[in-house]
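In the numbering used here, the protein residues as written are 61 to 153.
See structure below.
This is the structure in structure tokens:
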């Protein structure tokens, strides 16, 4: 017959489908009101889109109204870098 297929058991799946954003959100919640750089996309358009997704709650890890986010282009070491800054402003946990 065919090759045996093995199953890897590793426990339940993560609670959030997008664990990268869930981890970022948890870090922001642990440091309320502090701005953090959460992403360095290739363009200001992508940075702006990501910041809007965080602000409006389009990503489930960031409930609308609980996070602020902005996109900025900064010059560092002679080159332009696009950044997404975010902070948690929701209820104290």
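Even for Gly, the Cβ is constructed at its ideal location relative to N, Cα and C.
Span separating the alpha-carbon of residue i from that of residue j
{"i": "residue 92", "j": "residue 100", "result": "21 Å"}
{"i": "residue 70", "j": "residue 88", "result": "28 Å"}
{"i": "residue 109", "j": "residue 133", "result": "14 Å"}
{"i": "residue 148", "j": "residue 97", "result": "12 Å"}
{"i": "residue 144", "j": "residue 72", "result": "31 Å"}
{"i": "residue 95", "j": "residue 138", "result": "23 Å"}
{"i": "residue 136", "j": "residue 66", "result": "49 Å"}
DSSP state of residue i mapped onto helix, strand, coil
{"i": "residue 136", "result": "strand"}
{"i": "residue 103", "result": "coil"}
{"i": "residue 88", "result": "helix"}
{"i": "residue 153", "result": "coil"}
{"i": "residue 66", "result": "coil"}
{"i": "residue 121", "result": "coil"}
Residue(s) in a DSSP beta bridge with residue i
{"i": "residue 142", "result": "133"}
{"i": "residue 147", "result": "128"}
{"i": "residue 97", "result": "145"}
Residues of its chain near residue i, where Cβ-Cβ distance is below 8 Å and the 5 sequence neighbours each way are ignored
{"i": "residue 112", "result": "118 and 129"}
Contact set for residue i: own chain, Cβ-Cβ below 7 Å, skip 5 residues either direction
{"i": "residue 152", "result": "92"}
{"i": "residue 103", "result": "142"}
{"i": "residue 116", "result": "124"}
Spatial neighbours of residue i in its chain, beta-carbon cut-off 6 Å, leaving aside the 5 residues before and after
{"i": "residue 107", "result": "101, 131, 142 and 144"}
{"i": "residue 150", "result": "126"}
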